[in-house]
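Peer 1: Each residue of the sequence shown is one higher than the one before, starting from 1 at the first, in full-length UniProt numbering.
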Amino acid sequence: MNLLSVTGVSHDYPHHGRVLHEIQLAIAPGETVALLGRSGCGKSTGADAGGSGNAAARRYYWRGAPLAALKGEAIGAFRRDIQLVFQDAFSAVNPRKTVREIVSEPLRHLLCLPREARARRVEEMLLAVDLAPSLLDKRPAQLSGGQLQRVCPARAPGGTAAAVDP
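What follows is the structure, encoded as structure tokens:
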């Protein structure tokens with residue numbers, strides 16, 4: 001079963017015409033997917049169309065269930081599992097926080113992990129994106145652009161799935 005699937009989604013803007021035409025997407029467990037395209041081609045529109053207030057949401061499925069039908073714990077699990085990773089890493093993080101604070105915040109709020117478990121998970125997440133734990137007490141301005149771009153997916157709490165926003 002796919003983690004996320006999208007079937008036959010189209011979208012038209014009144015003054016700009018069609019930006020999505022019958023898109024199909026399937027992401028299997030363990031698979032990493034990047035959605036790339038030039039500015040204005042519909043990447044963010046495709047992600048936004050999955051919102052439950054949109055009729056197209058009936059064609060978005062999370063673990064086989066229509067996204068629009070998710071309620072209670074199921075929608076909570078979806079929000080924990082799917083995290084946006086913004087392309088502009090410098091704008092996506094608080095420059096006053098350390099890497100440790102940036103990566104641990106979602107673990108505290110979404111997974112409700114105790115302090116010791118968070119500390120272990122933060123180090124694991126940094127290692128998973130090939131960053132040294134010695135960077136934990138650095139602030140964004142003290143990192144290279146490439147290092148900061150890897151901090152952003154490291155803060156996805158489950159480390160399992162991510163959607164990339166242009």
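Quick reminder that beta carbons are idealized off the backbone N, C-alpha and C, glycines included.
Treat the numbers as computed from the prediction; the structure is a model and nothing was measured.
Write down every uninterrupted run of the beta strand (DSSP E) in the UniProt domain "ABC transporter" (20-156) whose length is 3 residues or greater and which is fully enclosed by it, in chain order.
Peer 2: DSSP runs (the beta strand (DSSP E)) wholly in the UniProt domain "ABC transporter" (20-156): 60-62 and 82-86.
Peer 1: What do you reckon, are the CB atoms on Val-151 and Ala-89 nearer than 8 Å?
Peer 2: yes
Peer 1: Given Val-129, which residues of its chain have a CB within under 7 Å of its CB, disregarding the five upstream and five downstream residues?
Peer 2: Arg-150, Pro-153 and Ala-154
Peer 1: Does the distance from the CB of Gln-147 to the CB of Leu-136 come in under 8 Å?
Peer 2: no
Peer 1: Once the 5 residues before and after Gly-159 are set aside, which same chain residues still bring their CB inside 7 Å of it?
Peer 2: Low confidence applies here, because Gly-159 scores a pLDDT of 49, under 50, leaving its location unreliable; read the following figure in that light. Correct list, in chain order: Met-125 and Ala-128.
Peer 1: Check Gly-159 in the structure and name its three-state DSSP category.
Peer 2: Confidence is the limiting factor: at Gly-159 the pLDDT is only 49, short of 50, which leaves the residue's position unreliable, though a coordinate-based value still follows. In the three-state reduction of the DSSP assignment, Gly-159 falls in the coil class, being assigned neither a helical nor a strand state.
Peer 1: Where does the unbroken beta strand (DSSP E) through Leu-4 begin, and where does it stop?
Peer 2: 4-13
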